[in-house]
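Student: Mapping of the sequence shown onto our numbering: residues 485 to 768, in sequence order.
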Amino acid sequence: MKSIRTAGVNISMILLGIALNAFAVEAFCLPYGILVGGATGIGRLLNYFTDMSVSMGVMCVNAALLVLAFFCMGKRYSASIVLGTFLYPVLMAFFEGIPQIRHMVQDPLLAALCGGGLMGVGIGLVIRNGGSLGGSDVVPVILHKKAKLPIAPVMYGLDVAILVLQGFLASPNEIILGILMTLTYTVVANKTLLAGGGHVQFMIFSPQNEKIKKLLVERGFGATLLHGKTAYFSHETDVLITILSVRYMNYVKDRILEIDDKAFMTISSVREVDGRGFTISMDS
Numbered sequence: 485m486k487s488i489r490t491a492g493v494n495i496s497m498i499l500l501g502i503a504l505n506a507f508a509v510e511a512f513c514l515p516y517g518i519l520v521g522g523a524t525g526i527g528r529l530l531n532y533f534t535d536m537s538v539s540m541g542v543m544c545v546n547a548a549l550l551v552l553a554f555f556c557m558g559k560r561y562s563a564s565i566v567l568g569t570f571l572y573p574v575l576m577a578f579f580e581g582i583p584q585i586r587h588m589v590q591d592p593l594l595a596a597l598c599g600g601g602l603m604g605v606g607i608g609l610v611i612r613n614g615g616s617l618g619g620s621d622v623v624p625v626i627l628h629k630k631a632k633l634p635i636a637p638v639m640y641g642l643d644v645a646i647l648v649l650q651g652f653l654a655s656p657n658e659i660i661l662g663i664l665m666t667l668t669y670t671v672v673a674n675k676t677l678l679a680g681g682g683h684v685q686f687m688i689f690s691p692q693n694e695k696i697k698k699l700l701v702e703r704g705f706g707a708t709l710l711h712g713k714t715a716y717f718s719h720e721t722d723v724l725i726t727i728l729s730v731r732y733m734n735y736v737k738d739r740i741l742e743i744d745d746k747a748f749m750t751i752s753s754v755r756e757v758d759g760r761g762f763t764i765s766m767d768s
C-alpha cells in the first residue's frame with residue numbers, strides 16, 4: 485500500500501511539473517517572443533517556417549526522438565519518457581486555447597523571470613520524482629551511452645545551439661531575455677532538486693551486491709563495500725554504501741530493484757559531503 489501511495493505521489497508531482505512547464509511557455513515565453521531551448525525551440529522554428537502550431541511542432545519532435553530512443557536505448561528507457569513526450573505538447577495545446585493567460589504581466593523582464601521560475605520548479609519536480617520531459621534531453625542520454633560523452637555539457641550545448649538558431653526570429657532584447665530565463669530556470673531547477681538535502685546515502689543489503697556495485701561504478705557513482713554479519717543467523721554479508729545527488733535517487737533505487745527486487749535498502753538525507761572522490765579530485 486505504501487509503495488502504491490508513493491508511486492501515486494511521484495506521478496502527481498511529475499504531472500504538476502509538466503503542467504507548470506507548459507503553462508510557463510504559453511503564458512510567459514511565446515507571447516513575449518522570448519527564446520527558449522529544447523524541443524520547444526525547435527517547435528518554434530517549425531511554426532515560423534510552416535503553418536504548424538508550436539505545440540504540434542513539439543509533438544512531432546518529441547515523437548521522432550521517442551522512436552530514436554526506442555531503437556538506441558531500448559523499451560525500458562522509452563517507457564520512462566513516454567508520459568512527458570506526449571503530455572507536454574498536449575498541455576501546451578490546451579493552454580494555447582486560453583488567450584486570457586497571455587500577457588499576464590506588462591513587463592517582458594518580469595515575464596522572463598516568472599517563466600524561468602515556473603519552468604525551473606517544473607523541471608525540478610519532474611526530475612526529482614524520476615520522470616522526464618523527453619524532447620531534446622534524449623539526445624545527450626543517447627550520446628552518453630554510445631560515445632561516453634558527458635550528459636550535462638552536451639545538454640547545455642544543444643540548448644545553446646537551438647537558441648542560436650532562433651536568433652533571426654528575435655530582437656537583441658528578446659535574446660537577452662531568453663538567456664536570462666534560461667539562467668533562471670537552471671538555478672531554480674537545481675534548488676528544487678536539492679530541496680530537503682542535496683545528497684542521499686544508500687545502504688544496500690543484497691546477495692546481488694556485486695552486480696549493483698558494477699551498475700553504480702559504470703554510472704559514475706562511488707561506492708564502498710563493508711563486511712558485516714547478520715544478527716539473527718550470523719550470516720556473513722557485504723553492505724554496499726553509496727552517496728549521490730538527490731536528483732539520481734529514484735533512478736538508482738529503480739535500477740537496484742531491477743537487479744534484486746527483494747533488496748533491503750535504507751535511504752537517508754546527508755547534510756554535507758566532503759572528501760576525496762566527491763569534493764576533492766581523485767587526481768589531487
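C-beta atoms are modelled at their ideal positions from N, C-alpha and C, and glycine is treated no differently.
Tell whether a beta-carbon distance below 9 Å holds between ILE626 and CYS556.
Tutor: Taking 9 Å as the Cβ cut-off, ILE626 and CYS556 qualify as a contacting pair.
Student: Is the stretch 734 to 742 close to the stretch 602 to 619, with three or more CB pairs under 8 Å?
Tutor: As far as the Cβ criterion goes, the stretch 734 to 742 touches the stretch 602 to 619, which means the pair count is three or higher.
Student: Does DSSP classify MET665 as helix, strand or coil?
Tutor: Correct three-state label for MET665: helix.
Student: Please say whether PHE689 and ALA747 have beta carbons closer to each other than 9 Å?
Tutor: It is a contact, given that the beta carbons lie within the stated cut-off.
Student: Please classify GLY721: does DSSP put it in a helix, a strand, or coil?
Tutor: Here the sequence assigns Thr to residue 721, which means Gly is not the residue at that position. In this structure, THR721 counts as strand in the three-state DSSP scheme.
Student: Looking only at its chain, what residues have a beta carbon closer than 6 Å to the beta carbon of ASN531, apart from the 5 residues adjacent to it on each side?
Tutor: Excluding sequence neighbours, ASN531 sits near VAL538 and GLY541.
Student: So what's THR534 in DSSP terms, helix, strand or just coil?
Tutor: It is coil, neither helix nor strand.
Student: If you follow the beta strand (DSSP E) that MET687 is part of, which residue opens it and which one closes it?
Tutor: Here the beta strand (DSSP E) through MET687 covers 683 to 689.
Student: Since VAL520 is in the beta strand (DSSP E), which residue starts that stretch and which ends it?
Tutor: Here VAL520 belongs to no beta strand (DSSP E), and DSSP marks it neither H nor E.
Student: So, with DSSP's three-state summary, where would you put HIS711?
Tutor: Correct three-state label for HIS711: strand.
Student: Could you pull the start and end residues of the beta strand (DSSP E) that PHE570 belongs to?
Tutor: Here PHE570 belongs to no beta strand (DSSP E); instead the alpha helix (DSSP H) covers 559 to 580.
Student: How far does the alpha helix (DSSP H) with VAL589 in it extend, from its first residue to its last?
Tutor: Neither: VAL589 is in no alpha helix (DSSP H) and is coded neither H nor E.
Student: If distances are taken between C-alpha atoms only, which option among ALA654, GLN692, HIS711 and VAL754 comes closest to GLU720?
Tutor: Of the listed residues, the one whose Cα sits closest to GLU720 is HIS711.
Student: Using the C-alpha atoms, what's the distance from TYR732 back to PRO634?
Tutor: If you take the alpha carbons of PRO634 and TYR732, they lie about 15 Å apart.
Student: Cα separation between LEU552 and SER718?
Tutor: Distance between the alpha carbons of LEU552 and SER718 is about 50 Å.
Student: Can you pull the DSSP bridge partners for SER753?
Tutor: Partner(s): VAL684.
Student: Could you tell me if PHE533 is buried or exposed, where buried requires 16 or more neighbouring beta carbons within 10 angstroms of its beta carbon?
Tutor: The residue in question, PHE533, is exposed, as its Cβ has fewer than 16 Cβ neighbours within 10 Å.
Student: Hey, how far is the Cα of THR666 from the Cα of VAL605?
Tutor: THR666 and VAL605: Cα-Cα distance of roughly 13 Å.
Student: Whose C-beta lies closer than 7 Å to the C-beta of SER562 among residues of the same chain, with five residues either side of it excluded?
Tutor: Result list for SER562: LEU550, ALA553 and PHE554, in chain order.
Student: What residue from SER753, GLY619, TYR716 and PHE686 has the CA that sits closest to PHE481's CA?
Tutor: Since the displayed the chain opens at 485 and closes at 768, residue 481 lies outside it and no answer follows.
Student: Leaving aside the five residues before and after GLY619 along the sequence, list all residues of the same chain whose C-beta is less than 8 Å from its C-beta, in chain order.
Tutor: Within the same chain, GLY619 has close Cβ partners GLY522, ALA523, THR524, VAL542, VAL545, ASN546, LEU549, GLY568, THR569 and TYR572.
Student: Which residues does DSSP pair with ILE727 in a beta bridge?
Tutor: Answer is GLN685, bridged to ILE727.
Student: When the Cβ atoms of the stretch 505 to 520 are set against those of the stretch 488 to 495, are three or more pairs found closer than 8 Å?
Tutor: No contact exists between the stretch 505 to 520 and the stretch 488 to 495.
Student: Tell me the DSSP bridge mates of PHE748?
Tutor: In the DSSP output, where bridge partners are listed per residue, PHE748 has PHE689.
Student: Taking the alpha carbon of GLU694 as the point to measure from, which residue in ILE725, VAL672 and TYR669 has its own alpha carbon closest?
Tutor: With distances taken between Cα atoms, GLU694 lies closest to ILE725.
Student: Could you pull out every residue in the same chain whose Cβ sits closer than 8 Å to the Cβ of ILE727, ignoring the five residues on either side in sequence?
Tutor: Within the same chain, ILE727 has close Cβ partners HIS683, VAL684, GLN685, PHE686, GLY706, VAL754, VAL757 and PHE762.
Student: Tell me whether SER616 sits in a helix, a strand or coil according to DSSP, three-state version.
Tutor: Three-state result, SER616: coil.
Student: DSSP on SER655, reduced to helix/strand/coil?
Tutor: Coil at SER655, not helix or strand.
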